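Working notes for the structure below.
Number of protein chains: 2
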Amino acid sequence: MSSFLGDEIVGRISRLAAISETSEQLTRIFLTEEHRAAADLLLSWMRDAGMHVQFDAIGNVCGRYEGERPALPCLMLGSHYDSVREAGKWDGPLGLITAISCVADLHKRERRLPFAIEVIGFADEEGVRFASTLLGSRAVAGTFDERVLDAKDNAGISMRDALFQFGLDPAHIGAAARSRSELLAYIELHIEQGPVLEAQNLPVGVVTAISGATRLAASLTGMAGHAGTVPMLLRRDALAGAAECIVAIEEFCRTDRGGSVGTVGYIHAMPGATNVIPGQVSFTIDLRAVSDAHRNLAVADIVRKIEDIARRRKLLLQVDVTHENRTVPCAPWLKAQVSEAITGEGYRVFELPSGAGHDGMAMIDIADVAMVFVRCRGGISHHPDEHVDVADADAGARVLLRLIENFRPRGTRE
Amino acid sequence: MSSFLGDEIVGRISRLAAISETSEQLTRIFLTEEHRAAADLLLSWMRDAGMHVQFDAIGNVCGRYEGERPALPCLMLGSHYDSVREAGKWDGPLGLITAISCVADLHKRERRLPFAIEVIGFADEEGVRFASTLLGSRAVAGTFDERVLDAKDNAGISMRDALFQFGLDPAHIGAAARSRSELLAYIELHIEQGPVLEAQNLPVGVVTAISGATRLAASLTGMAGHAGTVPMLLRRDALAGAAECIVAIEEFCRTDRGGSVGTVGYIHAMPGATNVIPGQVSFTIDLRAVSDAHRNLAVADIVRKIEDIARRRKLLLQVDVTHENRTVPCAPWLKAQVSEAITGEGYRVFELPSGAGHDGMAMIDIADVAMVFVRCRGGISHHPDEHVDVADADAGARVLLRLIENFRPRGTRE
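Heads up: the sequence lines are chains D and R, in that order.
Everything in the first sequence is counted per the working numbering, starting at 38 for the first residue and increasing by one.
Everything in the second sequence is counted per the working numbering, starting at 38 for the first residue and increasing by one.
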């Protein structure tokens, strides 16, 4: 099968990736020169695709392709165009550029639909500069928290000042907000950032939900002691206790039919000397599940398990919730249309949750949300090795274009 | 029971502890002003106890109390008088000061024995300054490694220069060595540095051996990944693997009838972010047992277990031995005499290994070795909270004095 839109998309992905703070590895941060250059390029592609464009007060790029008549509500397509540091080039741009290419194809064919299409490129989803994520989509959803304007970057510059220096007026951010009546749905295509589609040998998948996450900080306090002189049965070894907790968390999630994932990513044992029994250990727990109810049950089960371990080992346990994100379910009526489009392109329909966060987490406040995942090599993301085959980029574009052309607003009879 | 030598010993412990680099917490390091001041005080106490004294070329304090006639071989008693940083005041000095007090008691009673007694205070056992332990006892045993003269302290001063600045000539260190024919035995009294005697409710114990130690550096390499997007069954989580290893090491040692102790004191997980599956983990293993044969078997068993864990989890394992100390068994004929003395003082005989290292590890090369342990509070050591009750110091002195007065050289019939 020859590439339909894949070559164009991959070419544009590379052109956009050339706009980077560092020449070897992609880094494109909110409210920088690279942000502006990337926006200019994206806006030019949007114009070429027949869209009216706009650069909003938070730095999002917005393009509108009118429907059969002006002022119709829109199907909104989007993703983000900022990156983490030393990033891959697909995370964000693939969804945005694919959407532009789909609209360009409609435009080329002079195809108008009974609804408008808007394509939006969010200025900051990763939250690298001000340690606050989803800035672009929160502005559009009307949930931007003005307190983050006082957040400072590593150079001590506040977001407020950075916006001014960039030529944007923080007082106008409210005007970037859209209302529910303007949107028929929000659909985002994105790389999976995980290895599941690759394991399934499928180029695309239907996202069931953006998993909510709970992050916990745990600390266990026992008694430090000499590695040679304290017999095993008289020890209160905080690291041995933490190890048992880590094994228990993994075992819980591996066997959890509700499908949670749990990760201990950080651990610190004190005093940390080869010949001293650790007296105190801190570690984090990141727990995600496809429903809030299930995640909350899983958190409670895991906390109970580590409480039991601590009690049995006579360790003092402290557990605090440091972060919590609700689960964003994808709308069943939209999932059904995504599935139809996938079937229409000849692929098996496979559903999977998104463990990573996406702009849909903000957009759910003003629209029903759906996501299409595209396979990425080895599940690698946030890394220069992030890769999507041109054939998969093409498959994603075919599915998205079919989805757009066959789109029926909620409640519409077929 | 009123204190016999306990008050004198505890008083001297406190006087010696006042000689410290810092006023709040005891720190007494090799070849410093505090070393010299402590040596002067100890030599004065030795002289008062009727001993001929000598300050040898490595900075040891040596006192000799002649037997029934001059030039008899000696029973050597000793311990060290350097400390770790922010140390307790008992680790080392208790054995040295108790030995001096015992000799002082013999001297007061004009009691001469059919052998000489030598008391030796080793200048550096802890190895704080030059990261090389047992310097004093190695010089006496004739196993001092001249290459360590080139070792430098944190200020960049070599041991050779430090010796010169202190007024000692490194060329004379060889003359500090003693020969096997001069020594009938080496006996050291020391605080236990562990909680076993306290748990046994006993003031003193007989040491069976100074446990050998093997230290391993292990690293596990899996695959880093997004904490949300990689399903549990597709993970190669290096920290979950390390946790399973830590639990297995603890379980092995807890159930090891051979009596090994194993400690993972240090762990480092990379990249170490809350929301990233650790791709690589380094940790240390400290393993000790009362015989070299058993320790070597235990090391092999543990390595096999962690190899199995790594293989099952598809993690790359690297294990290196970073340090190895042979086991020093205490001589059965000496242990029998220690036990007799303990029984003679009305205490139950209890045997325990020494998990910590001691000067006997060097002295074994020129003499049979025995050790008497004295209970310390909570097993705490290398910490200002290190504490010995005066009654236990007294019990230790009574046992040591009885041991000296009833001492029969090896092979002597009762």
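We put the CB at the ideal spot given by N, CA and C, even for glycine.
Computed from a predicted model, the values in this text were never measured in an experiment.
Between the C-alpha atoms of residue i and residue j, what's the straight-line distance to the nearest angstrom?
i, j, result
"Cys99 (chain R)", "Leu253 (chain R)", "37 Å"
"Gly249 (chain R)", "Ala192 (chain D)", "53 Å"
"Ser218 (chain R)", "Ser297 (chain R)", "35 Å"
"Val90 (chain R)", "Tyr102 (chain R)", "9 Å"
"Ser40 (chain R)", "Asp142 (chain R)", "14 Å"
"Gly302 (chain D)", "His360 (chain D)", "15 Å"
"Arg447 (chain R)", "Leu270 (chain D)", "37 Å"
"Ile417 (chain D)", "Leu172 (chain R)", "53 Å"
"Tyr223 (chain D)", "Asp44 (chain D)", "25 Å"
"Val336 (chain D)", "Arg294 (chain D)", "15 Å"
"Ile283 (chain D)", "Cys290 (chain D)", "11 Å"
"Gly394 (chain R)", "Phe67 (chain R)", "18 Å"
With 7 Å set as the bound, which would you pick, yes or no: does the beta-carbon of residue i sit closer than that to a beta-carbon of chain R?
i, result
"Val232 (chain D)", "According to the sequence provided, residue 232 (chain D) is Pro. The question's Val does not apply to it. Taking Cβ atoms only, chain R reaches closer than 7 Å to Pro232 (chain D), which makes this a yes."
"Gly392 (chain D)", "yes"
"Cys413 (chain D)", "no"
"Thr180 (chain D)", "no"
"Thr135 (chain D)", "no"
"Arg52 (chain D)", "no"
"Glu183 (chain D)", "no"
"Cys290 (chain D)", "yes"
"Met38 (chain D)", "Note that Met38 (chain D) scores 47 on pLDDT, short of 50, meaning its location in the model is unreliable; the coordinates nonetheless yield the value given after this. So, not an interface residue."
"Tyr303 (chain D)", "yes"
Taking all protein chains shown into account, do 16 or more other C-beta atoms lie within 10 angstroms of the C-beta of residue i, making it buried, or fewer, making it exposed?
i, result
"Lys372 (chain R)", "buried"
"Phe159 (chain R)", "buried"
"Arg84 (chain R)", "exposed"
"Asn238 (chain R)", "exposed"
"Lys145 (chain R)", "exposed"
"Gly147 (chain R)", "What sits at residue 147 (chain R) in the sequence shown is Glu, not Gly. Burial call: exposed."
"Gly383 (chain D)", "exposed"
"His209 (chain R)", "exposed"
"Arg435 (chain R)", "buried"
Could you name the residues of the same chain whose beta carbon sits closer than 7 Å to that of residue i, not counting the 5 residues immediately before and after it, in chain order?
i, result
"Val47 (chain R)", "Val427, Ala430"
"Ile314 (chain D)", "Ala261, Gly262, Ala264, Val267, Arg272, Asp274"
"Arg122 (chain R)", "Thr64, Val165"
Less than 7 Å between CB atoms is the rule here; does residue i satisfy it with respect to chain D?
i, result
"Thr300 (chain R)", "yes"
"Gly278 (chain R)", "no"
"Ala264 (chain R)", "yes"
"Asp323 (chain R)", "yes"
"Glu287 (chain R)", "yes"
"Ala310 (chain R)", "yes"
"Met408 (chain R)", "no"
"Met269 (chain R)", "yes"
"Val284 (chain R)", "yes"
"Arg217 (chain R)", "no"
"Ile346 (chain R)", "no"
"Val19 (chain R)", "Only positions 38 to 451 of chain R appear in this structure, which leaves residue 19 (chain R) out of reach."
Whose C-beta lies closer than 6 Å to the C-beta of residue i among residues of the same chain, with five residues either side of it excluded?
i, result
"Met38 (chain R)", "At Met38 (chain R) the pLDDT is 48, less than 50, meaning the model places this residue with poor confidence and gives no usable figure here."
"Ala306 (chain R)", "Leu276, Pro315, Val318"
"Ala136 (chain R)", "Leu114, Val156"
"Ile56 (chain R)", "Glu71, Ala74, Ala75"
"Gln355 (chain R)", "Ser256"
"Ser376 (chain D)", "Val243, Val386"
Looking at the strands, I want to know which residues DSSP matches up with residue i.
i, result
"Glu183 (chain R)", "The partner list for Glu183 (chain R) (beta bridge, DSSP) is empty, contrary to what the question assumes."
"Gly362 (chain D)", "The question names Gly, yet the displayed sequence has Asn at residue 362 (chain D). Answer is D:Ala250."
"Tyr102 (chain R)", "R:Ile154"
"Thr258 (chain D)", "D:Gln317, D:Leu353"
"Arg325 (chain D)", "D:Ala250, D:Val298"
"Arg273 (chain R)", "R:Met260"
"Glu225 (chain D)", "D:Met408"
"Leu63 (chain R)", "R:Ala124"
"Ser116 (chain R)", "R:Gly158"
If you drop the 5 nearest sequence neighbours on each side, which residues of the same chain put their C-beta closer than 8 Å to that of residue i?
i, result
"Leu53 (chain R)", "Ala75, Leu78, Leu79, Tyr118, Lys126, Pro130, Ile134"
"Gln374 (chain D)", "Ala407, Leu440, Asn443, Phe444, Arg445"
"Gly278 (chain D)", "Leu257, Gly259, Val318, Ile346, Ala347, Arg350, Leu352"
"Asp329 (chain D)", "Gly249, Arg363, Thr364"
"Ser195 (chain R)", "Leu186, Asp187, Ala188, Lys189"
"Ala246 (chain D)", "Val327, Ser328, Thr364, Val365, Pro366, Cys367, Pro390, Ser391"
With a threshold of 6 Å (Cβ to nearest heavy atom), would residue i be considered close to the ligand ATP?
i, result
"Arg49 (chain R)", "Absent from the structure shown: the ligand ATP. Ligands present: none."
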